[in-house]
Amino acid sequence: QWLSDRKKRALQKKDVDVRRRIELIQDFEMPTVSTKIKVSRDGQYIMAVGTYKPRIRCFDTYQLSQKFERCLDSEVVTFEILSDDYSKIVFLECDRFVEFHSQHGHYYRTRIPKFGRDFSYHYPSCDLYFVGASSEVYRLNLEQGRFLNSLQTDASESNVCDINPAHFLFAMGTVEGKVECWDPRTRNRVGLLDCALSSVTADTEIDGLPSISALKFDGALNMAVGTSTGQVLLYDLRSSNPLIVKDHHYGLPIKSVQFQHQLDLIISADSRIIKMWNKDTGKIFTSMEPEHDINDVCLYPNSGMLMTANEAPKMNIYYIPVLGPAPKWCSFLDNLTEELEENPESTVYDDYKFVTRNDLENLGLAHLIGSSLLRAYMHGFFMDIRLYHKAKMMANPFAYEEYRREKIRQKIEETRAQRVQLKKLPKVNKELALKLIEEEEEEQQVNRKRKQKNLPNLLKDDRFKVMFENPDFQVDEQSEEFRLLNPLVSKISEKRKRKLKILEELEAQGQEEEEEPEGKASDAESSESSDDEKGWVEEVRKQRKLLRQEEKVKRQERFKEDQQTLLKPQFFEIKEGEEFKSFKDSAKKQKLMKKTLGDRLKLEEKLGTLSVADTTVGSKQATFKLKKSEQQRKQQEAEKQHRQERKTLRRSASHLRSKRGRGRLFH
Numbered sequence: 201q202w203l204s205d206r207k208k209r210a211l212q213k214k215d216v217d218v219r220r221r222i223e224l225i226q227d228f229e230m231p232t233v234s235t236k237i238k239v240s241r242d243g244q245y246i247m248a249v250g251t252y253k254p255r256i257r258c259f260d261t262y263q264l265s266q267k268f269e270r271c272l273d274s275e276v277v278t279f280e281i282l283s284d285d286y287s288k289i290v291f292l293e294c295d296r297f298v299e300f301h302s303q304h305g306h307y308y309r310t311r312i313p314k315f316g317r318d319f320s321y322h323y324p325s326c327d328l329y330f331v332g333a334s335s336e337v338y339r340l341n342l343e344q345g346r347f348l349n350s351l352q353t354d355a356s357e358s359n360v361c362d363i364n365p366a367h368f369l370f371a372m373g374t375v376e377g378k379v380e381c382w383d384p385r386t387r388n389r390v391g392l393l394d395c396a397l398s399s400v401t402a403d404t405e406i407d408g409l410p411s412i413s414a415l416k417f418d419g420a421l422n423m424a425v426g427t428s429t430g431q432v433l434l435y436d437l438r439s440s441n442p443l444i445v446k447d448h449h450y451g452l453p454i455k456s457v458q459f460q461h462q463l464d465l466i467i468s469a470d471s472r473i474i475k476m477w478n479k480d481t482g483k484i485f486t487s488m489e490p491e492h493d494i495n496d497v498c499l500y501p502n503s504g505m506l507m508t509a510n511e512a513p514k515m516n517i518y519y520i521p522v523l524g525p526a527p528k529w530c531s532f533l534d535n536l537t538e539e540l541e542e543n544p545e546s547t548v549y550d551d552y553k554f555v556t557r558n559d560l561e562n563l564g565l566a567h568l569i570g571s572s573l574l575r576a577y578m579h580g581f582f583m584d585i586r587l588y589h590k591a592k593m594m595a596n597p598f599a600y601e602e603y604r605r606e607k608i609r610q611k612i613e614e615t616r617a618q619r620v621q622l623k624k625l626p627k628v629n630k631e632l633a634l635k636l637i638e639e640e641e642e643e644q645q646v647n648r649k650r651k652q653k654n655l656p657n658l659l660k661d662d663r664f665k666v667m668f669e670n671p672d673f674q675v676d677e678q679s680e681e682f683r684l685l686n687p688l689v690s691k692i693s694e695k696r697k698r699k700l701k702i703l704e705e706l707e708a709q710g711q712e713e714e715e716e717p718e719g720k721a722s723d724a725e726s727s728e729s730s731d732d733e734k735g736w737v738e739e740v741r742k743q744r745k746l747l748r749q750e751e752k753v754k755r756q757e758r759f760k761e762d763q764q765t766l767l768k769p770q771f772f773e774i775k776e777g778e779e780f781k782s783f784k785d786s787a788k789k790q791k792l793m794k795k796t797l798g799d800r801l802k803l804e805e806k807l808g809t810l811s812v813a814d815t816t817v818g819s820k821q822a823t824f825k826l827k828k829s830e831q832q833r834k835q836q837e838a839e840k841q842h843r844q845e846r847k848t849l850r851r852s853a854s855h856l857r858s859k860r861g862r863g864r865l866f867h
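Laid out in structure tokens, this is it:
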């Protein structure tokens, strides 16, 4: 529907299914939902109302396209075409307004006292009869242009009404499930039918009081009534009892009832299904289930065409050649359906029970296979529902015993559900899985009290599925890291290990019943947890002591192994240009290279090869001195020693001179 005309034509060339589609009327749809659909008496115009926004669309069948569209102020409950064409239309709106339209458009608007649900037009007197949320039937005379005296009924509210086209008897359906018939000439009630009581039969199941939801006259004597509980009653006006009661078996209100005279059929529809059945025998003719809910059904006069207003933008058109010929504006449909009649489809059975071959053997009806009482379908058979009930009663006279056994079995299953259920633990990390299950149960209890949502569990998360399947992810509880991080794991997991052992035994034996594992009461567990918290430090020290002892034992074993093994000489290759001195120098170099830059700078500063000074700008200045070779260093040490010897010689010479001068003075 979003494609342009050019793209639609291109799609028709490529797609075979699109080429086979038939669009009888162009854009035969509503923006959102269609509620009512009717055909003018001359058969040229099809009118439909819907939303959103509230509007009416008129389609011309001679042009196969839309003629006009008019928007309204409020949603339309129902409407009626008073003329042979579209020149006179009356709309009953949901806000109690009655709107009149002529050929050019809006003509007049008036209001009724109470909310209306349906209306009918009495042609001899030009009166409109409105029924709705009131006990009165309002009359509006279109010739005089004024309201007349209302008809006072015994009903609290009325849903539908209709006028007989032969003798113009006015009938209305009430909320109480009754049909009141009035004579418009004398304005008196001439009959009352209790349809709610008549709709209750032995096979029907009704929850509440059936109210009248659909009403339609056929000729001078027949009348069809639809109820809100899904039954259709066919009456002869000369009798107060219905001729036939047909149940749709859906429990939904009947939306529409139509008469098809060529085959003497009644077409009844609820929101889910359209059923066609014989009005004399009640035998189903066919049924249709559209994709969307049905709001209204309209039968094109003197043809086999059916139109529906749905809870969807598209309004459906069905053509059933058996009901009658195609309308003259689409007579080409007869030629198209001749090919389809050569390949008939399977019949849809109503009031039949589907049974398999095993069901027939249990009922003792296996000898009926191949007879006309059974119709093969898929992996079983269809049989009449009445025959099925009779055979079941004869084959199973002890139905009460089966019912009693079934109830006992349900009670036993309820008690079993209250027992401790077996938990299927994974093969890897069983203790971790058991711990997660216990934590999840505790969180569920807490969240149930606080009315919070449960957090996702690791066991159900696909991202951690490998942790419980791959043995490489097994938790090593004997490792040093695990024992130091979980110093109380030995005490806490004692109960869990006992429970795990019991679960494994029950799983191996295949027992269904479980006993609660032996353990302490909840008070003892709480006191034990408090003691564990107090003895945390002691447990850590104990674990450290055990780790030291284990390390000592490992060292002794390693020493014994070293003594037993024979040492073999190892050879090392020296790089070119380097002189080998000792293994200690290489070890010092490796240690020095592993140190950080800051540590190396501090070391160089201590050795005197680096000097760091502050500049005037605020930054630091580092000066590096190149390392001297061994020969240069020896030469510098020799020069330094030589300078020190010369200094000592000078000092001794000056000391001798000073002594000689003092001796001469004394002399």
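Throughout the sequence shown, residue numbering follows the working numbering, covering 201 to 867 in sequence.
Don't be surprised by glycine CBs; every beta carbon is placed ideally from N, CA and C.
*Using beta-carbon positions only, say whether residue 458 and residue 523 come within less than 7 Å of one another.*
Residue mapping note: residue 458 aligns to position 258 of the sequence shown, counting from 1. Residue mapping note: residue 523 aligns to position 323 of the sequence shown, counting from 1. Contact flag unset, no.
Beta-carbon proximity list for residue 222, same chain, < 8 Å, skipping 5 on both sides: In the sequence shown, counting from the first residue as 1, residue 222 sits at position 22. If we look at residue 222 and ignore the five residues flanking it on each side, its Cβ neighbours are 533, 536.
- Query: DSSP three-state call for residue 545: helix, strand or coil?
  - Reply: Here residue 545 is taken as the residue at index 345 of the sequence shown, counted from 1. Its pLDDT being 48, under 50, residue 545 is placed unreliably in this model, and the coordinates cannot settle the point.
Requested in this report: Using three-state DSSP, classify residue 855 as helix, strand or coil.
Outcome: For the purposes of this step, residue 855 is taken as the residue at position 655 of the sequence shown. Here residue 855 sits in helix by DSSP.
State the beta-bridge partners of residue 434 as determined by DSSP.
-> As a position in the sequence shown, residue 434 is number 234, starting the count at 1. Looking at the DSSP assignment, residue 434 forms a beta bridge with 424, 444.
How big is the Cα-Cα spacing for residue 291 and residue 384? The sequence position of residue 291 within the sequence shown is 91, counting from 1. The sequence position of residue 384 within the sequence shown is 184, counting from 1. Cα-Cα distance, rounded: 22 Å.
Worksheet item: Can you give the Cα-Cα distance for residue 244 and residue 498, rounded to whole angstroms?
Response: By one-based count along the sequence shown, residue 244 stands at place 44. By one-based count along the sequence shown, residue 498 stands at place 298. If you take the alpha carbons of residue 244 and residue 498, they lie about 14 Å apart.
message = So, for residue 552: in the same chain, excluding its five sequence neighbours on each side, which residues have a beta-carbon less than 7 Å away from its beta-carbon?
response = For the purposes of this step, residue 552 is taken as the residue at position 352 of the sequence shown. Closer than 7 Å at Cβ, skipping near neighbours: 582, 583, 584, 585.
ask   = Are residue 664 and residue 628 touching if we call contact CB-CB under 7 Å?
value = Within the sequence shown, residue 664 is the residue found at index 464, counting from 1. Within the sequence shown, residue 628 is the residue found at index 428, counting from 1. Their beta carbons are not under 7 Å apart, which means residue 664 does not touch residue 628 by this criterion.
Answer yes or no: the CB of residue 471 versus the heavy atoms of the ligand MN, is any distance below 6 Å? Ligands displayed in this structure: none; no statement on the ligand MN is therefore possible.
Inter-residue spacing [alpha-carbon to alpha-carbon] between residue 854 and residue 793:
Locating residue 854 in the sequence shown gives position 654, counting from the first residue. Locating residue 793 in the sequence shown gives position 593, counting from the first residue. The straight-line gap from Cα to Cα measures roughly 53 Å.
Requested in this report: Could you pull out every residue in the same chain whose Cβ sits closer than 8 Å to the Cβ of residue 407, ignoring the five residues on either side in sequence?
Outcome: Numbered from its first residue, the sequence shown carries residue 407 at position 207. 429, 451.
ask   = Excluding the five sequence neighbours on either side, which residues of its own chain have a C-beta within less than 7 Å of the C-beta of residue 579, listed in chain order?
value = The residue given as residue 579 occupies position 379 in the sequence shown. If we look at residue 579 and ignore the five residues flanking it on each side, its Cβ neighbours are 556.
| task | List the endpoints of the continuous alpha helix (DSSP H) containing residue 318. | result | The residue given as residue 318 occupies position 118 in the sequence shown. Segment 316 to 322 is the beta strand (DSSP E) holding residue 318; no alpha helix (DSSP H) there.
Beta-carbon spacing of residue 397, residue 379 below 7 Å: Taking the sequence shown and counting its residues from 1, the one referred to as residue 397 is at position 197. Taking the sequence shown and counting its residues from 1, the one referred to as residue 379 is at position 179. No; because the gap between Cβ atoms is not below 7 Å, this pair is not in contact.
- Proximity winner among 454, 302, 573, relative to residue 471 (alpha-carbon distances): In the sequence shown, the residue the question calls residue 471 occupies position 271. Checking every option, the nearest Cα to that of residue 471 belongs to 454.
Check: Any idea if residue 356 is buried or exposed, counting beta-carbon neighbours within 10 angstroms, 16 or more meaning buried?
Finding: The residue labelled residue 356 in the question sits at position 156 within the sequence shown. So residue 356 ends up on the exposed side.
Q) Curious, which full-length beta strand (DSSP E) runs of at least 3 residues does the region 448 to 486 contain? A) 456 to 460, 465 to 469, 474 to 478
**OP:** Give every residue of the same chain whose Cβ lies closer than 6 Å to the Cβ of residue 560, excluding the five residues on either side of it in the sequence, and list them in chain order.
**Re:** On the sequence shown, position 360 is the one that residue 560 refers to. The residues are 566.
*Using the beta-carbon count (16 or more within 10 Å), is residue 271 buried or exposed?*
Taking the first residue of the sequence shown as position 1, residue 271 is located at position 71. By the neighbour-count rule (16 or more Cβ atoms within 10 Å), residue 271 is not buried but exposed.
### Task
Would you mind reading off the limits of the alpha helix (DSSP H) that contains residue 589?
Looking up residue 589 in the sequence shown gives position 389. From DSSP, the alpha helix (DSSP H) with residue 589 extends over 585 to 595.
task = Identify the continuous beta strand (DSSP E) that holds residue 327 and give its terminal residues.
result = The residue you call residue 327 lines up with position 127 of the sequence shown. Where residue 327 is concerned, the enclosing beta strand (DSSP E) stretches over 327 to 332.
Requested in this report: Determine the direct distance from the alpha carbon of residue 841 to that of residue 835, and round the result to whole angstroms.
Outcome: On the sequence shown, position 635 is the one that residue 835 refers to. On the sequence shown, position 641 is the one that residue 841 refers to. Taking the straight line from one Cα to the other gives about 10 Å.
Requested in this report: Below 8 Å on the Cβ atoms is my guess for residue 373 versus residue 360; work out the distance and round it to an integer in Å.
Outcome: Here residue 373 refers to the residue found at position 173 of the sequence shown. Here residue 360 refers to the residue found at position 160 of the sequence shown. Right, their Cβ atoms sit about 5 Å apart.
**Asked** So residue 281 packs on residue 238, CB below 8 Å; how close in whole Å?
**Response** As a working note, residue 281 is residue 81 in the sequence shown. As a working note, residue 238 is residue 38 in the sequence shown. Right, their Cβ atoms sit about 6 Å apart.
Three-state secondary structure assigned by DSSP to residue 307: Position 107 of the sequence shown, counting from 1, holds the residue named residue 307. Residue state, collapsed to three classes: strand.
Q | Sheet register partners of residue 300 (DSSP bridge) | A | Sequence index remark: in the sequence shown, residue 300 carries index 100 (1-based). DSSP lists 290, 308 as partners of residue 300.
What residues match up with residue 374 in a beta bridge as DSSP calls it?
Counting from 1 along the sequence shown, the entry for residue 374 is found at position 174. In DSSP, residue 374 forms a bridge with 358.
**Study point:** Extent of the continuous alpha helix (DSSP H) run through residue 557
**Key:** Walking along the sequence shown from the start, residue 557 turns up at place 357. From DSSP, the alpha helix (DSSP H) with residue 557 extends over 557 to 563.
* Asked: Which residues in the same chain have their Cβ closer than 7 Å to the Cβ of residue 503, if we skip the five residues on either side of it in sequence?
  -> Locating residue 503 in the sequence shown gives position 303, where the first residue counts as 1. Correct list, in chain order: 524, 525, 526, 527.
*Hey, quick one: how far does the alpha helix (DSSP H) through residue 799 stretch, first residue to last?*
Counting from one through the sequence shown, the residue named residue 799 turns up at place 599. From DSSP, the alpha helix (DSSP H) with residue 799 extends over 797 to 807.
Kindly indicate the opening and closing residues of the beta strand (DSSP E) around residue 248. Numbered from 1 along the sequence shown, position 48 holds the residue referred to as residue 248. Note, residue 248: beta strand (DSSP E), 245 to 251.
What separation, rounded to the nearest whole angstrom, lies between the Cα atoms of residue 750 and residue 674?
-> Position 550 of the sequence shown, counted from the start, is the residue given in the question as residue 750. Position 474 of the sequence shown, counted from the start, is the residue given in the question as residue 674. Their backbone Cα atoms lie some 22 Å apart in a straight line.
Worksheet entry | Which of helix, strand or coil DSSP assigns to residue 665 | Along the sequence shown, one-based indexing puts residue 665 at 465. If DSSP states are grouped into helix, strand and coil, residue 665 belongs with coil.
Candidates 492, 615, 531, 521: which alpha carbon is nearest residue 515's?
Position 315 of the sequence shown, counted from the start, is the residue given in the question as residue 515. Per the Cα distances, 492.
Taking 7 Å as the limit between beta carbons, can you name the residues of its chain near residue 592, skipping five residues before and five after? Within the sequence shown, the letter at position 392 stands for residue 592. The residues are 563.
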